[in-house]
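Just so we're aligned, residue 8 is where the sequence shown starts under my numbering, counting upward by one. All residues carry an ideal CB built from backbone N, CA and C; glycine is no exception. A short write-up of the structure that comes next.
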Amino acid sequence: MTTEESTDTRGVRLSAGDVELTVAPDSGCRVGSLRIGGTELLRQGPKFGSFPMVPWCGRVEHGQFRNGGRSHQLPVNAPPHAIHGTGRDTAWRTVSADSATAAFTYDLADPWPYRGRVTQTFQLTPDSLTTTMSVETEDESFPAQAGWHPWFLRNLPGDSAGTAVEISFQPDWQEERGENHLPTGRRIEPRPGPWDDCFGMSQGVDVTLTWPGRLELKVASRTEWVVVYDEQAEAVCVEPQSGPPNGLNTLPRLVTPIDPLEIAMTWSWRRLG
């Protein structure tokens, strides 16, 4: 299947070997399903799967940010903050798709105050999924972020023993979280979970999820920021992103006509037992 600038309400299905991936462009271009050997890895539902965070990641304090001398107000959708960008709530266009690869795009618009284009691609193999995202502008420069928010099932279907996933990673630091749920700006020694916290990995994100006896999945990205969230019973989240929460204010990354924001993430897996 190959399409040109269309919208697919049924979802775009990719496959490689016994691995099946479904992307839902009309639902924020999220991965709605990832099945390996028939086993679903992602929490199901319209708010879950794995969604892109763009043009910002995590929370923006009070929904406010500045670009030079201009101040902007975003919708406060997680009071008192704005959270996770606009891309997850937008219908994307399917640019191209075949059996194992696909590309999607959408144009930035209100409530984001700047014009630009976001592109997301997927490449599936029998043992990996590589996803890329870019934010471009042909007009004004603006700060932006990009990343992903996957909801991995804590317990895989068919696990009668109730064995929960194990999270393994070695961050260089943890961003201290304030009472307002935002980083304070202090880097501290990593603390044990449960987490809803941002960590720094200076050599790139490298986090391993293990469902004992079933599957090992590695989340990797060249970016150095990752949020780990494991406070829900149903799922755990490992979120590579181009900057920390509230980064539009504390660590702005400027997108310019000659310097787009680009980020990539790879999930790779192997079967156990």
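Specify, as a first and last residue, the run of the alpha helix (DSSP H) that Thr257 falls within.
As a working mapping, residue 257 is identified with position 250 in the sequence shown. Unbroken alpha helix (DSSP H) run through Thr257: 254-257.
Arg95 (DSSP reduced to helix, strand or coil):
If you number the sequence shown from 1, residue 95 lands on position 88. If DSSP states are grouped into helix, strand and coil, Arg95 belongs with the helices.
Quick one: does the C-beta of Asn162 sit closer than 7 Å to a heavy atom of the ligand ZN?
The ligand ZN is not part of this structure, which contains no ligands at all.
Reference Phe58; option with closest CA among Phe159, Pro251, Pro259
Within the sequence shown, residue 58 is the residue found at index 51, counting from 1. Closest option to Phe58, Cα to Cα, is Phe159.
Taking all protein chains shown into account, decide if Thr144 is buried (16 or more other Cβ within 10 angstroms of its Cβ) or exposed.
Looking up residue 144 in the sequence shown gives position 137. Buried, because 16 or more other Cβ atoms sit within 10 Å of the Cβ of Thr144.
Hey, quick one: how far does the beta strand (DSSP E) through Ala110 stretch, first residue to last?
On the sequence shown, position 103 is the one that residue 110 refers to. Element bounds for Ala110: 108-114.
Please name the residue or residues paired with Tyr6 in a DSSP beta bridge.
Residue 6 falls outside the range modelled here, since the chain spans only 8 to 280, and no answer is possible.
I'd like to know whether the C-beta atoms of Phe129 and Leu279 end up nearer to each other than 8 Å.
In the sequence shown, the residue the question calls residue 129 occupies position 122. In the sequence shown, the residue the question calls residue 279 occupies position 272. In this structure, Leu279 does not lie closer than 8 Å to Phe129 by Cβ.
Got a sec, what are the start and stop residues for the beta strand (DSSP E) Trp218 sits in?
Walking along the sequence shown from the start, residue 218 turns up at place 211. Looking at the DSSP string, the run of the beta strand (DSSP E) that includes Trp218 is 212-218.
Whose CA, out of Ser209, Asn84, Trp276, Met140, lies closest to the CA of Arg37?
For the purposes of this step, residue 37 is taken as the residue at position 30 of the sequence shown. Cα-wise, what sits closest to Arg37 is Met140.
If we ignore side chains and look at the alpha-carbon of each, how far apart do Ser228 and Gly76 end up?
As a working mapping, residue 228 is identified with position 221 in the sequence shown. As a working mapping, residue 76 is identified with position 69 in the sequence shown. Each residue's Cα considered, the two are about 33 Å apart.
Thinking C-alpha only, which one of Gly92, Asp134, Gly123, Val83 is nearest Trp274?
Taking the first residue of the sequence shown as 1, we reach residue 274 at position 267. It is Asp134 whose Cα lies nearest to the Cα of Trp274.
Asp134 by DSSP, collapsed to three states: which one?
As a working mapping, residue 134 is identified with position 127 in the sequence shown. In this structure, Asp134 counts as coil in the three-state DSSP scheme.
Are the beta-carbon atoms of Val214 and Val245 separated by less than 8 Å?
For the purposes of this step, residue 214 is identified with residue 207 of the sequence shown, where counting begins at 1. For the purposes of this step, residue 245 is identified with residue 238 of the sequence shown, where counting begins at 1. Against a cut-off of 8 Å, the Cβ pair of Val245 and Val214 comes out as a contact.
8 Å contact criterion, which His156 and Arg66 should meet: CB distance rounded:
The residue you call residue 156 lines up with position 149 of the sequence shown. The residue you call residue 66 lines up with position 59 of the sequence shown. With 8 Å as the limit, His156 and Arg66 do not qualify as a contact, their Cβ atoms being about 12 Å apart.
If you count every other CB in all the chains shown that lies within 10 Å of the CB of Asp15, and 16 or more means buried, which is it?
Walking along the sequence shown from the start, residue 15 turns up at place 8. With a pLDDT of 40 at Asp15, under the threshold of 50, the modelled position of that residue is not reliable, and the figure given next carries that caveat. Classification of Asp15: buried, given that the 10 Å Cβ count is 16 or more.
Identify every residue that forms a DSSP beta bridge with Thr273.
Working through the sequence shown from its first residue, we reach residue 273 at position 266. According to DSSP, which records beta bridges pairwise, Thr273 is partnered with Thr137, Ala227.
Taking only the alpha-carbon atoms, compute the straight-line gap between Leu222 and Gln51 and give it to the nearest angstrom.
For the purposes of this step, residue 222 is identified with residue 215 of the sequence shown, where counting begins at 1. For the purposes of this step, residue 51 is identified with residue 44 of the sequence shown, where counting begins at 1. So the alpha carbons of these two residues sit roughly 19 Å apart.
Excluding sequence positions up to five away, which residues of its chain have a Cβ less than 6 Å from the Cβ of Arg20?
Here the question's residue 20 lines up with position 13 in the sequence shown. Only Thr29 meet the Cβ criterion.
Candidates Val83, Glu182, Leu163: closest to Pro118 by CA position
Residue 118 sits at position 111 when you count from the first residue of the sequence shown. Nearest option by C-alpha distance: Val83.
Do Gln248 and Thr263 have their C-beta atoms within less than 8 Å of each other?
For the purposes of this step, residue 248 is taken as residue 241 along the sequence shown, with counting starting at 1. For the purposes of this step, residue 263 is taken as residue 256 along the sequence shown, with counting starting at 1. No, the Cβ-Cβ distance between Gln248 and Thr263 is not below 8 Å.
Less than 8 Å between the beta carbons of Gly2 and Asp237, yes or no?
With the chain covering only 8 through 280, there is no way to say anything about residue 2.
When you compare each of Leu48, Val61, Tyr121, Ala85 to His79 by their alpha carbons, which one comes out closest?
In the sequence shown, the residue the question calls residue 79 occupies position 72. Nearest of Leu48, Val61, Tyr121, Ala85 to His79, Cα basis: Tyr121.
Using the beta-carbon count (16 or more within 10 Å), is Ile265 buried or exposed?
Counting from 1 along the sequence shown, the entry for residue 265 is found at position 258. The residue in question, Ile265, is exposed, as its Cβ has fewer than 16 Cβ neighbours within 10 Å.
How should Thr9 be labelled, buried or exposed, when 16 other C-beta atoms within 10 angstroms of its C-beta is the threshold for buried?
The residue given as residue 9 occupies position 2 in the sequence shown. Model confidence at Thr9 stands at a pLDDT of 38, short of 50, so the residue's coordinates are unreliable; what they give is reported in the following sentence. Result: exposed.
For Pro190 and Glu283, believed in contact at Cβ under 8 Å, the rounded distance
The shown model of the chain, from 8 to 280, leaves out residue 283, and the question about it has no answer.
Below 8 Å on the Cβ atoms is my guess for Thr112 versus Arg124; work out the distance and round it to an integer in Å.
As a working note, residue 112 is residue 105 in the sequence shown. As a working note, residue 124 is residue 117 in the sequence shown. Correct: roughly 6 Å between the Cβ atoms.
Look at Val61 and Ala153 and say whether their C-beta atoms are less than 8 Å apart.
Stepping through the sequence shown from its first residue, residue 61 is reached at position 54. Stepping through the sequence shown from its first residue, residue 153 is reached at position 146. Result yes, Cβ atoms of Val61 and Ala153 sit closer than 8 Å.
Quick one, which of Gly192, Gly44, Pro178, Thr217 has its alpha-carbon nearest Thr132's?
Counted from its first residue, the sequence shown places residue 132 at position 125. That would be Gly44, whose Cα lies nearest to the Cα of Thr132.
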